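**Student:** Residue numbers (the working numbering): 238 to 551. Using N, Cα and C, we set each Cβ at its ideal position, and we do this for glycine too. Since the model is a prediction, treat every value here as computed from it, not as a measurement. Structure provided below as structure tokens; questions to follow.
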């Protein structure tokens, strides 16, 4: 009871959650007792350690806490509040010893109504910039957020995509091939909710197939996509980045390279490897056109290594 009071938790709800966890634990144990066969001990060996008989009282590890907060942001995406009280004012209240003693004003994303974080909320001392809430409790003078959880604004384009509006792809920073994502990414300005709140910029896969093909071609010609190409970089007739510039599309070697990539829907390393598995000579002629005449024989020697390297990454 003292723990619940100190952390602004409902004792009855926690008891119900603990009872449910114990019930699930017993069910899994009972099911495991009748499913002992199979390698590794069956259901009991796999699931029983995941359901302790008692709920932990310690705070979850940071990674687990972040995942839980992201899950809550996804589940309550239509109930997001943005703090209206400035950080400077909160700091001034804290300096005067009044921090956490006054309700903090927020604005609801979908209605633009003013809602408040209660002074006794577990979040009162930090008053995060963004929070989700499970419901609003209407008091005599104002509505308070109940079940409030701090979230990050940068999560919303991913967990609340239907409520976000993205700008057209930005030209600065320019789109680029990401080896980690194995796709061509671009930046967007983002707004959220009925009030069009500005959120941090986000990256998404570029919607234009020709742009994706150009950026992938630039990564290939620079050796960033396949290191086996690096010995040929010094023999190129033009800078690799030029293939990604819209102003270069009129050049035959640029247009031909991008056209064949778009035709085969090649905009990633995995897709390139898949096409090469069926058409081993795909791109050989187009890439040869980017090399000085005396270096084209080197491409023939390196070609099998390029194919092997692309396949090895899939």
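To which residues of the same chain is residue 498 closer than 6 Å at the C-beta, ignoring the five residues directly before and after it?
**Tutor:** Looking up residue 498 in the chain shown gives position 261. Same-chain partners within the cutoff: 450.
**Student:** If you draw a straight line from the alpha carbon of residue 425 to that of residue 255, how long is it in whole angstroms?
**Tutor:** Sequence index remark: in the chain shown, residue 425 carries index 188 (1-based). Sequence index remark: in the chain shown, residue 255 carries index 18 (1-based). Whole-angstrom Cα-Cα distance: 44 Å.
**Student:** Under 7 Å Cβ to Cβ from residue 248, same chain only, skipping five residues before and after it: list those, please.
**Tutor:** Taking the first residue of the chain shown as 1, we reach residue 248 at position 11. Cβ within range, chain order: 238 and 241.
**Student:** Nearest by alpha-carbon distance to residue 445: which of 462, 538, 343 and 407 is it?
**Tutor:** Position 208 of the chain shown, counted from the start, is the residue given in the question as residue 445. Out of 462, 538, 343 and 407, 407 has the C-alpha closest to the C-alpha of residue 445.
**Student:** Judging by CA-CA distance, which residue of 250, 295, 544 and 315 is the nearest neighbour of residue 508?
**Tutor:** The count along the chain shown starts at 1 and reaches residue 508 at position 271. Among 250, 295, 544 and 315, the Cα nearest to that of residue 508 is on 544.
**Student:** Please classify residue 273 as buried or exposed, where buried requires at least 16 other C-beta atoms within 10 Å of its C-beta.
**Tutor:** Position 36 of the chain shown, counted from the first residue, corresponds to residue 273. Its pLDDT being 48, under 50, residue 273 is placed unreliably by the model, and nothing is read from it.
**Student:** CB residue 542 to CB residue 465, shorter than 8 Å?
**Tutor:** On the chain shown, position 305 is the one that residue 542 refers to. On the chain shown, position 228 is the one that residue 465 refers to. Going by C-beta atoms, residue 542 is nearer than 8 Å to residue 465.
**Student:** How big is the Cα-Cα spacing for residue 379 and residue 404?
**Tutor:** For this step, residue 379 is matched to residue 142 along the chain shown. For this step, residue 404 is matched to residue 167 along the chain shown. Their Cα atoms are separated by approximately 35 Å.
**Student:** Between the alpha carbons of residue 264 and residue 250, how many angstroms are there, rounded?
**Tutor:** Working through the chain shown from its first residue, we reach residue 264 at position 27. Working through the chain shown from its first residue, we reach residue 250 at position 13. About 21 Å.
**Student:** So, with DSSP's three-state summary, where would you put residue 247?
**Tutor:** Here residue 247 corresponds to residue number 10 of the chain shown, with the count starting at 1. Note: residue 247 maps to coil in three-state DSSP.
**Student:** Within 10 angstroms of the Cβ of residue 443, are there 16 or more other Cβ atoms? Answer buried if so, exposed if not.
**Tutor:** Numbered from 1 along the chain shown, position 206 holds the residue referred to as residue 443. Under this definition residue 443 is a buried residue.
**Student:** Kindly indicate which three-state DSSP category residue 426 falls into: helix, strand or coil?
**Tutor:** Locating residue 426 in the chain shown gives position 189, where the first residue counts as 1. Correct three-state label for residue 426: strand.
**Student:** What are the boundary residues of the alpha helix (DSSP H) that residue 546 is part of?
**Tutor:** Translated into positions along the chain shown, residue 546 becomes position 309. Annotation: the continuous alpha helix (DSSP H) that includes residue 546 extends over 533–549.
**Student:** Based on Cα-Cα distance, which residue from 524, 358 and 347 lies nearest to residue 341?
**Tutor:** Position 104 of the chain shown, counting from 1, holds the residue named residue 341. Measuring from the Cα of residue 341, the nearest candidate turns out to be 358.
**Student:** Which term fits residue 531, buried or exposed, when burial requires 16 or more other beta carbons within 10 angstroms of its beta carbon?
**Tutor:** Taking the first residue of the chain shown as 1, we reach residue 531 at position 294. Exposed, since its Cβ has fewer than 16 Cβ neighbours within 10 Å.
**Student:** Just mark residue 350 as buried or exposed, buried being the case when its beta carbon has 16 or more other beta carbons within 10 Å.
**Tutor:** As a working note, residue 350 is residue 113 in the chain shown. The residue is exposed, with fewer than 16 neighbouring Cβ atoms inside 10 Å.
**Student:** Locate the alpha helix (DSSP H) running through residue 523, then write down its first and last residues.
**Tutor:** As a working note, residue 523 is residue 286 in the chain shown. First-last of the alpha helix (DSSP H) with residue 523: 521–525.
**Student:** Quick test of your reading: residue 491 and residue 503, contact by CB under 8 Å. State the CB separation rounded to the nearest angstrom.
**Tutor:** Locating residue 491 in the chain shown gives position 254, counting from the first residue. Locating residue 503 in the chain shown gives position 266, counting from the first residue. Contact doesn't hold; Cβ gap of about 15 Å is too wide.
**Student:** Fully enclosed by the region 363–436, which beta strand (DSSP E) runs are 3 residues long or longer?
**Tutor:** 367–369, 372–375, 380–383, 386–388, 401–403, 413–415 and 420–429
**Student:** Since residue 314 and residue 400 are thought to touch, with beta carbons under 8 Å apart, how far apart are those beta carbons, to the nearest angstrom?
**Tutor:** Against the chain shown, residue 314 aligns to sequence position 77. Against the chain shown, residue 400 aligns to sequence position 163. Their Cβ separation, rounded to whole angstroms, is 6 Å, which keeps residue 314 and residue 400 in contact under 8 Å.
**Student:** Could you pull out every residue in the same chain whose Cβ sits closer than 6 Å to the Cβ of residue 456, ignoring the five residues on either side in sequence?
**Tutor:** In the chain shown, residue 456 corresponds to position 219, counting from 1. The residues are 414 and 462.
**Student:** Throw me the rounded Cβ distance for the residue 472 and residue 528 pair, which I believe falls under 8 Å.
**Tutor:** Here residue 472 corresponds to residue number 235 of the chain shown, with the count starting at 1. Here residue 528 corresponds to residue number 291 of the chain shown, with the count starting at 1. Rounded, the Cβ-Cβ distance is 5 Å, consistent with contact.
**Student:** Among residues of its own chain, excluding the 5 on either side of residue 454, which ones have a beta-carbon nearer than 6 Å to its beta-carbon?
**Tutor:** To locate residue 454, count along the chain shown from 1; it is residue 217. Taken in chain order, the residues that qualify are 480 and 494.
**Student:** Could you name the residues of the same chain whose beta carbon sits closer than 7 Å to that of residue 523, not counting the 5 residues immediately before and after it, in chain order?
**Tutor:** Residue numbering aside, residue 523 sits at position 286 when the chain shown is read from its first letter. Closer than 7 Å at Cβ, skipping near neighbours: 493, 494 and 497.
**Student:** Evaluate residue 371 with the Cβ neighbour count: other Cβ atoms within 10 Å of its Cβ, from every protein chain shown; 16 or more gives buried, anything less gives exposed.
**Tutor:** Translated into the one-based positions of the chain shown, residue 371 becomes position 134. Under this definition residue 371 is an exposed residue.
**Student:** Would you call the CB atoms of residue 346 and residue 319 closer than 8 Å?
**Tutor:** Numbered from its first residue, the chain shown carries residue 346 at position 109. Numbered from its first residue, the chain shown carries residue 319 at position 82. Going by C-beta atoms, residue 346 is nearer than 8 Å to residue 319.
**Student:** Tell me the rounded alpha-carbon separation between residue 521 and residue 540.
**Tutor:** On the chain shown, residue 521 is found 284 positions in, with the first residue counted as 1. On the chain shown, residue 540 is found 303 positions in, with the first residue counted as 1. Approximately 8 Å between the Cα atoms of the pair.
**Student:** Going by DSSP, what residue range makes up the beta strand (DSSP E) through residue 295?
**Tutor:** In the chain shown, counting from the first residue as 1, residue 295 sits at position 58. Where residue 295 is concerned, there is no enclosing beta strand (DSSP E), given that its DSSP letter is neither H nor E.
**Student:** Within the continuous alpha helix (DSSP H) that includes residue 462, where are the two ends?
**Tutor:** Here residue 462 refers to the residue found at position 225 when the chain shown is read from its first residue. Here residue 462 belongs to no alpha helix (DSSP H), and DSSP marks it neither H nor E.
**Student:** Would you say residue 390 and residue 360 are within 8 Å of each other, going by their C-beta atoms?
**Tutor:** Residue mapping note: residue 390 aligns to position 153 of the chain shown, counting from 1. Residue mapping note: residue 360 aligns to position 123 of the chain shown, counting from 1. No, these two residues do not count as a Cβ contact at 8 Å.
**Student:** Compute the Euclidean distance between the alpha carbons of residue 548 and residue 487, then round it to the nearest angstrom.
**Tutor:** As a first step, residue 548 is located in the chain shown; it is residue number 311 there, counting from the start. As a first step, residue 487 is located in the chain shown; it is residue number 250 there, counting from the start. Distance between the alpha carbons of residue 548 and residue 487 is about 32 Å.
**Student:** At what residue ranges does the region 474–500 contain a whole run of the alpha helix (DSSP H), taking only runs of 4 or more?
**Tutor:** The DSSP assignment places complete alpha helix (DSSP H) segments of no fewer than 4 residues inside the region 474–500 at 489–500, in order along the chain.
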